[in-house]
Every structure is written in structure tokens, then in C-alpha cells.
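Comments concern the structure below.
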Amino acid sequence: MPGSATWRRSTTCPLPICGWSAGETTVPEGARVLPLVGSANRDPRHWNDPDAFRLDRTTGDHIAFGSGIHFCIGHALARLETRIALGTLARRLPHLAPAGTPDRISSPVLRGLRSLPVTVRPALQPAEPR
Numbered sequence: 015m016p017g018s019a020t021w022r023r024s025t026t027c028p029l030p031i032c033g034w035s036a037g038e039t040t041v042p043e044g045a046r047v048l049p050l051v052g053s054a055n056r057d058p059r060h061w062n063d064p065d066a067f068r069l070d071r072t073t074g075d076h077i078a079f080g081s082g083i084h085f086c087i088g089h090a091l092a093r094l095e096t097r098i099a100l101g102t103l104a105r106r107l108p109h110l111a112p113a114g115t116p117d118r119i120s121s122p123v124l125r126g127l128r129s130l131p132v133t134v135r136p137a138l139q140p141a142e143p144r
């Protein structure tokens, strides 16, 4: 079964969607709906500065790992791996900086980068021989 088929849903009755800047919209009965799970944690009415990558955020009530019975069994391992990887990167390359424009993946399902050009400079320059 293709991945997109697992996310596709059909409405069983007219579904009013309110609060959009474009006004009220009704999704008619039988319309196909593709929820953008990646946008779930980006609502500025709920999250301060939702588009910023901030490591100081608390885990709170986001749904990055699902919810309820569908909560990811590997969430603790994923958080630990991320903490270790980013901590190691920050220690070894404290002067890492963006260099150029990121190449973003264009997909309704997946958010991320194909590439992120960076400038790398070691933490300590080797001493000159005497």
C-alpha cells in the first residue's frame, strides 16, 4: 500500500473549517482530505515563534511522536540520540554557521532539508610551532 493511501481520509458529512485567514470553508461530503501532520506543531496561536528551531522548548503537548495508543515507542531513544548528536556537534564545532541557502524538501507529507551548506571552523586553532 502506498504511503499516501495510509493518510488519505474522506469526509462522511459536510465539515466546516473555521478560523482560516481566508474565512470559513466547508469541505463537502466525500471530499478527500490529506492532513499535514508536519504543520500540527506550528500554530502561532498555541506556540511562541513556531517556525524557529529552538532547543530550549519544553516537550509540552506537541504531537511529533504521535499521541495516545499511537505514541511512538522509540520516543525516548530518539530524544536521547538527538541530545547526544547535537551536543557532540556543538562541542566539536562551536563555530559552525550557515553558509548559503538551504535546499528544502517540497512535500505535503515530509518537512526537512535536502542540504544545508555550512562553514566549519575548528574550536581551537593548532598552535604555531616554535
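Position in the sequence shown (first residue = 1) + 14 = our numbering. Just so it is clear, CB atoms sit at the ideal spot from N, CA and C, and this is done for glycine as well.
Output the distance between the C-alpha atoms of residue i and residue j, rounded to the nearest integer angstrom.
{"i": "Leu197", "j": "Glu38", "result": "The first residue shown for the chain is 15 and the last is 144, placing residue 197 beyond what the model contains."}
{"i": "Arg93", "j": "Phe67", "result": "15 Å"}
{"i": "Trp61", "j": "Ile77", "result": "13 Å"}
{"i": "His84", "j": "Arg135", "result": "42 Å"}
{"i": "Arg128", "j": "Thr115", "result": "11 Å"}
{"i": "Gly74", "j": "Asp117", "result": "29 Å"}
{"i": "Leu107", "j": "Pro131", "result": "14 Å"}
{"i": "Ala111", "j": "Ala104", "result": "11 Å"}
{"i": "Thr133", "j": "Thr40", "result": "48 Å"}
{"i": "Arg59", "j": "Gly88", "result": "29 Å"}
{"i": "Asp13", "j": "Pro42", "result": "The requested residue 13 does not occur in the structure, where the chain is confined to residues 15 to 144."}
{"i": "Ala113", "j": "Thr102", "result": "20 Å"}
{"i": "Ser53", "j": "Glu95", "result": "23 Å"}
Apart from the five residues on each side of it in sequence, which residues of its chain come closer than 8 Å, Cβ to Cβ, to residue i?
{"i": "Ser35", "result": "Its pLDDT being 45, under 50, Ser35 is placed unreliably in this model, and the coordinates cannot settle the point."}
{"i": "Ile119", "result": "Arg125, Gly126, Leu127 and Arg128"}
Which residues share a DSSP beta bridge with residue i?
{"i": "Val132", "result": "Pro112"}
Skipping 5 residues on each side, what residues in its chain have a beta carbon closer than 6 Å to that of residue i?
{"i": "Ala90", "result": "none"}
Q.
Would you call the stretch 44–60 in contact with the stretch 113–130, where contact means no fewer than 3 C-beta pairs closer than 8 Å?
A. yes
Q: Write down every uninterrupted run of the alpha helix (DSSP H) in the stretch 53–125 whose length is 4 residues or greater and which is fully enclosed by it, in chain order.
A: Runs found: 89–106.
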